[in-house]
Ligand SMILES: [Zn+2]
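Residue numbers (the working numbering): -15 to 70.
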């Protein structure tokens, strides 16, 4: 037993995480999978480019909000600043 509890669903985590990134919350595999699916949606919706630090930061905000660490954004509403395209 790890003694860890999932931040998202509140269930004890008994399986080792498939993604080491899930450990920092911690999140169970089911919730982490849910987040990764949601993250793809966010990235598509906001046209996030993971090579841009400010876009990675924006996604991180959604990640934290997803796991209840950040208040104020529950939905996709705020686009990160876009670099001028022309
Ligand atoms: Zn969970």
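Ideal Cβ placement from N, Cα and C applies to all residues, glycine included.
Source: prediction; values computed, not measured.
Between the segment -13 to -2 and the segment 11 to 19 there are three or more inter-stretch CB-CB distances shorter than 8 Å, so the stretches are counted as touching. Using a Cβ-Cβ distance cut-off of 8 Å, the segment -9 to 3 and the segment 21 to 41 are not in contact, since fewer than three pairs of beta carbons, one from each stretch, lie closer than that value.
The beta carbon of residue 8 sits closer than 8 Å to none of the beta carbons in its chain outside the five residues before and after it. Setting aside the 5 residues that flank it on each side, residue 55 has no residue in the same chain whose C-beta is closer than 7 Å to its C-beta.
By the neighbour-count criterion, in which a residue is buried when 16 or more other Cβ atoms sit within 10 angstroms of its Cβ, residue 53 is exposed. Exclusion of the five residues before and after residue 40 leaves 34 as the residues of its chain whose Cβ lies within less than 7 Å of its Cβ.
Taken in chain order, the complete alpha helix (DSSP H) segments of 4 residues or longer contained in the segment -7 to 37 are 13 to 30. Of the heavy atoms belonging to ligand 1, none sits nearer than 7 Å to the Cβ of residue 49.
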